[in-house]
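Structure first, then comments.
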């Protein structure tokens, strides 16, 4: 394997990891901006924890060029065995992000199919699930670092035999984990990803069957009902069916992000275990796609909010809707203020914002050091303040509803 190809694989995560950190950061900011309501919902707490672990994983991937051992001859690397172990530690720690996909799918299944209330999930299961995922992966990370399990592969550091290049090479004997590293890889990483695959597939299949069942029931009832426009039962069935379908769509999008990101680690594991070689192309795909889960998740997380804002506030421009979807203003900020701010910016009245208590974090950053805020603020005070964000806050969840079926 040429050093040029290895250098490409080492530096790709600098881009993909940075994108993922930005994506996970936008999710965490969105939760923080609505923390008084969102943190009451287990779904947002699960996605928040997933994003935190993804940021750890993406950061250690983005810094591969600094952490990968320089002695292995890859141009532009600066690390050593100690920094290699650090990357392995945080990679293992970040694997919790993949496991949280299991928790999220389980939550969707229980609240949709089984009718479990949010408070019951939080009381009965949530603490156990959070504690298990965190304890498990921190324990694996500490154990792996303590026994020297984290070593260089072709372009990153994780569970591997030592020294580099000994696998399948009779001239270089493996003196650490030559035959046992696949079992550690399975126990520390792949078993939990494979378990997540099973749970995700089963729960989403059951959610899909549930959605079909509810829609078929609604169709049969509609055919037998004469007063369709005023029938209360039919209206409830429509609302329930719409909510269940929206949750299923959102869940499948998260599943797609999980599969696109994490499948390549499984491919790498199978090739190394079955073939006895460390192929380059799965290594390249791991470094390209695995750090991107936070990037995909950010678009999925913002999607329902984007659609709601676009539908309810058609006067806003595309850029303003995207900004509000990815970086919502802090709770209580007036949406018409944001619209006026966008108009003011287009009229070269830059730096405008509302009062410090109501402006968004992004607007605050834009307006630092600006001397033109007074004129814009005067205009903003004339805006009709009755059109605020309360209508969006009421349904400010990824699946587009504030109450679960049940």
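Residue numbers (my numbering): 10 to 415.
Beta carbons: idealized from backbone N, C-alpha and C, even for Gly.
So, with DSSP's three-state summary, where would you put residue 168?
Here residue 168 is taken as the residue at index 159 of the chain shown, counted from 1. Reduced to three states, the DSSP call for residue 168 is strand.
| query | residue 103 by DSSP, collapsed to three states: which one? | reply | For the purposes of this step, residue 103 is taken as the residue at position 94 of the chain shown. Three-state result, residue 103: helix.
Exercise for the section: Evaluate the contact criterion for the stretch 247-254 versus the stretch 264-272: three or more CB pairs, one atom per stretch, below 8 Å. Expected result: no
Worksheet item: Residues bridged to residue 185 by DSSP?
Response: On the chain shown, residue 185 is found 176 positions in, with the first residue counted as 1. The partner list for residue 185 (beta bridge, DSSP) reads 171.
Inset, instruction - Return helix, strand or coil for residue 361, following the three-state DSSP convention. - result: For the purposes of this step, residue 361 is taken as residue 352 along the chain shown, with counting starting at 1. Note that residue 361 scores a pLDDT of 38, beneath 50, so its modelled location is shaky and nothing firm can be said.
query = Apart from the five residues just before and just after residue 309, which ones in its own chain have a Cβ nearer than 8 Å to its Cβ?
reply = Start at 1 with the first residue of the chain shown, and residue 309 comes out as number 300. The residues are 259, 262, 263, 266 and 407.
Pick helix, strand or coil for residue 124, following the three-state DSSP scheme.
The residue labelled residue 124 in the question sits at position 115 within the chain shown. In the structure shown, the three-state DSSP call for residue 124 is coil.
Rounding to the nearest angstrom, what Cα-Cα distance links residue 218 and residue 65 in this structure?
For this step, residue 218 is matched to residue 209 along the chain shown. For this step, residue 65 is matched to residue 56 along the chain shown. Spanning the two alpha carbons is a distance of roughly 36 Å.
- Message: Tell me the rounded alpha-carbon separation between residue 370 and residue 127.
- Response: As a position in the chain shown, residue 370 is number 361, starting the count at 1. As a position in the chain shown, residue 127 is number 118, starting the count at 1. Interpretation of residue 370 is limited by its pLDDT of 36, a score under 50 that renders its predicted location unreliable; the figure taken from the coordinates is listed afterwards. C-alpha separation (whole angstroms): 29 Å.
Query - Element boundaries [alpha helix (DSSP H), containing residue 213] - result: Position 204 of the chain shown holds residue 213. Per DSSP, residue 213 belongs to the alpha helix (DSSP H) from 200-233.
Query raised in the report: What's the C-alpha gap between residue 221 and residue 109?
Result: On the chain shown, position 212 is the one that residue 221 refers to. On the chain shown, position 100 is the one that residue 109 refers to. Approximately 27 Å between the Cα atoms of the pair.
*Between residue 25 and residue 297, which are expected to be in contact by the criterion C-beta below 8 Å, what is the C-beta distance as a whole number of angstroms?*
Along the chain shown, read from residue 1 onward, the residue named residue 25 stands at position 16. Along the chain shown, read from residue 1 onward, the residue named residue 297 stands at position 288. Yes, residue 25 and residue 297 are in contact; Cβ-Cβ is about 6 Å, under 8 Å.
Starting from residue 313, follow the alpha helix (DSSP H) in both directions and report where the run begins and ends. In the chain shown, the residue the question calls residue 313 occupies position 304. In the DSSP assignment, residue 313 falls within the unbroken alpha helix (DSSP H) covering 302-321.
**Study point:** Distance CB(residue 20)-CB(residue 85) smaller than 9 Å
**Key:** Translated into positions along the chain shown, residue 20 becomes position 11. Translated into positions along the chain shown, residue 85 becomes position 76. Against a cut-off of 9 Å, the Cβ pair of residue 85 and residue 20 comes out as a contact.
message = For residue 160, list the residues DSSP reports as bridge partners.
response = In the chain shown, residue 160 corresponds to position 151, counting from 1. 167, per the DSSP bridge assignment.
| message | Whole angstroms are fine: how far does the CA of residue 246 sit from the CA of residue 100? | response | Translated into the one-based positions of the chain shown, residue 100 becomes position 91. Translated into the one-based positions of the chain shown, residue 246 becomes position 237. Going by the C-alpha atoms only, they are around 45 Å apart.
- prompt: If you scan the stretch 62-119 from start to end, which runs of the alpha helix (DSSP H) of 4 or more residues do you find wholly inside it?
  reply: 73-76 and 90-103
* Asked: Taking 9 Å as the CB-CB cut-off, is residue 26 touching chain B?
  -> The chain inventory of the structure shown lacks chain B, comprising one protein chain alone.
Reference residue 69; option with closest CA among 214, 226, 30 and 249
Stepping through the chain shown from its first residue, residue 69 is reached at position 60. The residue with the shortest Cα to Cα distance from residue 69 is 30.
Coil, strand or helix - residue 325 by DSSP: For the purposes of this step, residue 325 is identified with residue 316 of the chain shown, where counting begins at 1. Residue state, collapsed to three classes: coil.
Neighbour-count burial assignment, residue 182, 16 or more Cβ in a 10 Å radius: Translated into positions along the chain shown, residue 182 becomes position 173. So residue 182 ends up on the exposed side.
task = Buried or exposed for residue 321, please, with buried defined as at least 16 other CB atoms from any protein chain shown within 10 angstroms of its CB.
result = Position 312 of the chain shown, counting from 1, holds the residue named residue 321. Its Cβ having fewer than 16 others within 10 Å, residue 321 is exposed.
- Do you know whose CA, among 293, 330 and 157, lies nearest residue 95's CA? Taking the first residue of the chain shown as position 1, residue 95 is located at position 86. When each option's Cα is compared against that of residue 95, the closest is 157.
*asked:* Is it buried or exposed, residue 318, if we count other Cβ atoms within 10 angstroms and call 16 or more buried?
replied: Start at 1 with the first residue of the chain shown, and residue 318 comes out as number 309. The residue is buried, with at least 16 neighbouring Cβ atoms inside 10 Å.
Answer yes or no: do residue 304 and residue 103 have a C-beta to C-beta separation smaller than 9 Å? Position 295 of the chain shown, counted from the start, is the residue given in the question as residue 304. Position 94 of the chain shown, counted from the start, is the residue given in the question as residue 103. Against a cut-off of 9 Å, the Cβ pair of residue 103 and residue 304 comes out as no contact.
*asked:* I need the DSSP call for residue 177, collapsed to helix, strand or coil.
replied: Taking the chain shown and counting its residues from 1, the one referred to as residue 177 is at position 168. Of the three classes helix, strand and coil, the one that applies to residue 177 here is coil, per DSSP.
Count the other CB atoms within 10 Å of the CB of residue 177; is the residue buried (16 or more) or exposed (fewer)?
-> Mapped onto the chain shown, residue 177 falls at position 168. The residue is exposed, with fewer than 16 neighbouring Cβ atoms inside 10 Å.
Check: Can you tell which of 116, 150 and 149 has the C-alpha that lies nearest to the C-alpha of residue 137?
Finding: Along the chain shown, read from residue 1 onward, the residue named residue 137 stands at position 128. Of all alpha-carbon atoms in 116, 150 and 149, the one lying nearest the alpha-carbon of residue 137 is that of 116.
Could you spell out where the alpha helix (DSSP H) holding residue 19 opens and where it closes? Residue mapping note: residue 19 aligns to position 10 of the chain shown, counting from 1. That run of the alpha helix (DSSP H) goes 12-42.
Please state whether the Cβ-Cβ distance between residue 14 and residue 74 is less than 9 Å. As a working note, residue 14 is residue 5 in the chain shown. As a working note, residue 74 is residue 65 in the chain shown. Contact: no.
Beta carbon of residue 62 nearer than 9 Å to that of residue 105 = Residue mapping note: residue 62 aligns to position 53 of the chain shown, counting from 1. Residue mapping note: residue 105 aligns to position 96 of the chain shown, counting from 1. For residue 62 and residue 105, yes; Cβs fall inside 9 Å.
Tell me whether the beta-carbon of residue 160 lies closer than 9 Å to the beta-carbon of residue 90.
As a first step, residue 160 is located in the chain shown; it is residue number 151 there, counting from the start. As a first step, residue 90 is located in the chain shown; it is residue number 81 there, counting from the start. Judged by their CB atoms, residue 160 and residue 90 are nearer to each other than the 9 Å cut-off.
In angstroms with no decimal places, state the Cα-to-Cα distance between residue 248 and residue 71. The residue you call residue 248 lines up with position 239 of the chain shown. The residue you call residue 71 lines up with position 62 of the chain shown. If I take the Cα positions, the gap works out to 44 Å.
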